[in-house]
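A.B. asks: The structure that follows is given in the form of structure tokens.
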Amino acid sequence: MLNINYILQVIRNVMLLAVVVIIGSCSPKETSVTSKTTVTTIAFGSCGDQRRPQPILEQVAEMKPDLFIYLGDNIYSDTEVMDTLRKNYGILGRKPEFQKLKAATPILATWDDHDFGMNDSGRHYKFKEESKQIFMQFFGVMDSTMLEHDGIYFSRLIEEGNHRIQIIFPDMRTFRDKLLPYDDSHKGDARFDYELDYAIYKTADSTMLGEKQWKWIEEQLKVPADLRIIATSTQFGITHNGYEAWANFPHEQKRMIDLIKNTKANGVVFISGDVHYAEISKLTAPGVYPLYDVTASGITSTWEFATPNDNRIDGPVMENHFGVIAVDWKESDPIVHFKIFDVEKKERIHREIRLNDLKF
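Residue numbers (this note's numbering): 39 to 398.
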């Protein structure tokens with residue numbers, strides 16, 4: 039007997055693959071940036087409620103960066119009803135601000151919990167494959183390999199003359215194990231004057247990314263590039279704060295650091311979202327250059343306070359904002375600019391580092 043569901047799935051995949059062929063330049067693995075200057079500008083943001091005005095997107099569109107990256111919570115759906123998920127993507131797609139952004143710059147995207155499934159959800163969310171199909175229908179198939187594996191992880195290479203920027207998009211949802219309930223580990227610490235949700239895994243019997251994705255990331259870190267941006271929907275560089283972050287899985291955080299060391303991958307920086315404010319964190323570990331994490335998480339969302347973070351070096355910015363990484367290639371040792379802009383396009387954070395400071 040024919041398996042109708044299987045046949046329908048094959049047909050959907052063939053149709054999505056056809057989209058890759060049709061749109062051509064929207065989804066190659068390597069992109070040539072045609073900016074007229076020697077500066078490559080990548081803007082990014084997250085946490086945009088599709089039901090609210092999004093003037094931040096208009097500000098990004100006016101800047102005309104070479105690329106805009108959605109870091110997740112691109113819509114707020116929190117549903118197990120796929121028609122509702124489609125409807126919410128449709129609301130975003132029809133917004134004039136989104137249309138201006140789409141006309142002004144290429145867009146790449148990953149997801150976080152509110153557009154993947156339910157709040158703080160992971161691999162146990164039962165509609166993750168259906169959610170993936172809807173994600174690809176809205177943003178396009180970022181890479182044809184996305185059709186060949188579970189989840190939405192992919193990478194992209196951007197060329198500016200003789201320079202290469204690699205952008206790695208891990209999937210922080212499809213493979214992540216359940217979070218541990220908070221265990222009073224910060225009891226008595228006056229900094230934690232709020233209700234904490236999650237504890238730290240004490241043993242390495244859990245995962246955020248899954249083994250196949252980890253092997254893929256290892257191969258990506260071996261690809262030649264001058265600058266590598268790891269676009270992770272949840273924060274990588276912060277210390278544990280009782281909310282969701284890489285710090286809940288310290289063995290996974292260490293595994294990433296060890297991979298960077300073992301592959302001698304120069305030029306790694308992280309960008310992240312999720313928390314509804316902006317900050318820059320600087321994580322230091324033996325045997326590796328400083329790992330910066332630039333968080334931009336406020337297209338429409340805000341939060342009452344910024345959580346304790348021993349690694350914070352800039353911020354927080356609590357108003358709506360977007361982030362920018364701009365690379366000035368003019369000098370022999372290029373300058374990398376980390377910036378946060380508010381809704382009036384006022385620069386709220388600006389930190390400069392040299393590319394040579396991100397090398398072994």
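Positions of the beta carbon are idealized from the N, C-alpha and C atoms, including for glycine.
Would you tell me roughly how many angstroms separate the C-alpha atoms of Asp87 and Thr122, rounded to the nearest one?
C.D. replies: Their backbone Cα atoms lie some 14 Å apart in a straight line.
A.B. asks: Please confirm if the stretch 328-343 is in contact with the stretch 274-285, defined as three or more CB-CB distances below 8 Å between the two stretches.
C.D. replies: The stretch 328-343 vs the stretch 274-285: in contact.
A.B. asks: Report all residues from its chain with a CB closer than 6 Å to the CB of Arg386; omit the five preceding and five following residues, and keep chain order.
C.D. replies: Result list for Arg386: Val355, Ile378, Asp380, in chain order.
A.B. asks: Drop a sphere of 10 angstroms on the beta-carbon of Glu198, count the other beta-carbons inside from all chains shown, and report buried for 16 or more, exposed for fewer.
C.D. replies: Per the 10 Å Cβ criterion, buried.
A.B. asks: Arg266 to Ser223, Cα distance in whole Å?
C.D. replies: Each residue's Cα considered, the two are about 34 Å apart.
A.B. asks: So, using beta-carbon positions, are Gly336 and Ala316 closer together than 9 Å?
C.D. replies: It is a contact, given that the beta carbons lie within the stated cut-off.
A.B. asks: Excluding sequence positions up to five away, which residues of its chain have a Cβ less than 6 Å from the Cβ of His278?
C.D. replies: Answer for His278: Ile238, Ala285, listed in chain order.
A.B. asks: Which residue comes first and which comes last in the alpha helix (DSSP H) that contains His289?
C.D. replies: Here the alpha helix (DSSP H) through His289 covers 288-300.
A.B. asks: Check this for me: beta carbons of Phe360 and Gln97, under 9 Å apart or not?
C.D. replies: Cβ atoms of Phe360 and Gln97: closer than 9 Å.
A.B. asks: Compute the Euclidean distance between the alpha carbons of Leu195 and Ala323, then round it to the nearest angstrom.
C.D. replies: C-alpha separation (whole angstroms): 27 Å.
A.B. asks: Rounded to whole angstroms, what is the Cα-Cα separation between Phe287 and Thr245?
C.D. replies: Roughly 7 Å separates the two Cα atoms.
A.B. asks: Using the Cα positions of Thr357 and Thr340, report the straight-line distance between them to the nearest angstrom.
C.D. replies: A quick correction: the sequence has Glu, not Thr, at residue 357. Roughly 6 Å between the two C-alpha positions.
A.B. asks: Buried or exposed: which applies to Pro372, given that a residue is buried once 16 or more other Cβ atoms fall within 10 Å of its Cβ?
C.D. replies: Pro372 is buried by the Cβ-count criterion.
A.B. asks: State buried or exposed for Gly325, treating a residue as buried only when at least 16 other CB atoms are found within 10 Å of its CB.
C.D. replies: Result: exposed.
A.B. asks: Can you confirm whether the stretch 290-308 touches the stretch 128-144 when touching is taken to mean that 3 or more C-beta pairs between the two stretches lie within less than 8 Å?
C.D. replies: Too few Cβ pairs lie closer than 8 Å, so no.
A.B. asks: Looking only at its chain, what residues have a beta carbon closer than 8 Å to the beta carbon of Asn394, apart from the 5 residues adjacent to it on each side?
C.D. replies: Cβ neighbours of Asn394 beyond the five flanking positions: Asp371.
A.B. asks: Closer than 6 Å by C-beta to Asp264: which residues in its own chain qualify, once you throw out the five before and the five after it? Chain order, please.
C.D. replies: Once the five neighbours on either side are set aside, the close Cβ partners of Asp264 are His201, Arg202, Gly305.
A.B. asks: Under the DSSP definition of a beta bridge, which residues are partnered with Arg194?
C.D. replies: Arg194 pairs with Ile205.
A.B. asks: Pull up the CB-CB distance for Trp254 and Thr76, whole angstroms please, since I reckon it's below 8 Å.
C.D. replies: Actually they do not touch by this definition, with Cβ atoms about 32 Å apart.
A.B. asks: In this structure, how does DSSP classify Phe177 when only helix, strand and coil are distinguished?
C.D. replies: Note: Phe177 maps to helix in three-state DSSP.
A.B. asks: Who are Ile373's beta bridge partners in DSSP?
C.D. replies: Ile373 is bridged to Asp366, Arg392.
A.B. asks: For the stretch 213-269, which segments carrying the alpha helix (DSSP H) assignment without a break, of at least 4 residues, lie completely within its bounds, in sequence order?
C.D. replies: Fully enclosed alpha helix (DSSP H) runs of 4 or longer: 249-258.
A.B. asks: So, with DSSP's three-state summary, where would you put His314?
C.D. replies: Coil.
A.B. asks: Taking three-plus beta-carbon pairs below 8 Å as touching, is the stretch 186-195 in contact with the stretch 214-221?
C.D. replies: These segments do not touch.
A.B. asks: CA-CA distance, Leu95 and Thr183?
C.D. replies: Approximately 29 Å between the Cα atoms of the pair.
A.B. asks: Can you tell me where the alpha helix (DSSP H) with Arg350 in it begins and where it stops?
C.D. replies: Where Arg350 is concerned, there is no enclosing alpha helix (DSSP H), although the beta strand (DSSP E) it sits in stretches over 350-355.
A.B. asks: Does DSSP put Arg50 in a helix, in a strand, or in coil?
C.D. replies: With a pLDDT of only 48 at Arg50, under the threshold of 50, the placement of this residue in the model should not be trusted; the figure read from the coordinates follows. The answer is helix: DSSP assigns Arg50 an H, G or I state.
A.B. asks: Give me the residue from Ala242, Asp150, Met174 with the minimum Cα distance to Tyr163.
C.D. replies: That would be Asp150, whose Cα lies nearest to the Cα of Tyr163.
A.B. asks: Which residue comes first and which comes last in the alpha helix (DSSP H) that contains Tyr327?
C.D. replies: Counting along the chain, Tyr327 falls outside any alpha helix (DSSP H), and DSSP gives it neither H nor E.
A.B. asks: In this structure, does DSSP put Val59 in helix, strand or coil?
C.D. replies: Low confidence applies here, because Val59 scores a pLDDT of 33, under 50, leaving its location unreliable and the question unanswered by this model.
A.B. asks: Excluding the 5 residues flanking Ile45 on each side, which residues of the same chain have their C-beta closer than 8 Å to its C-beta?
C.D. replies: Residue placement at Ile45 is poorly supported in this model, since its pLDDT is 40, which falls under 50; the coordinates are not used for a value here.
A.B. asks: Just how far apart, CA to CA, sit Glu100 and Lys383?
C.D. replies: Their backbone Cα atoms lie some 10 Å apart in a straight line.
A.B. asks: Could you compute how far the alpha carbon of Leu297 sits from the alpha carbon of Leu259?
C.D. replies: Looking at the two C-alpha atoms, the distance is approximately 8 Å.
A.B. asks: With distances taken from CA atoms, which of Tyr114, Lys250, Tyr108 is nearest Val362?
C.D. replies: It is Tyr108.
A.B. asks: Span of the beta strand (DSSP E) holding Val77?
C.D. replies: Start and end: 77-83.
A.B. asks: How about Pro208 and Thr270: are their beta carbons less than 9 Å apart?
C.D. replies: Yes, the Cβ-Cβ distance between Pro208 and Thr270 is below 9 Å.
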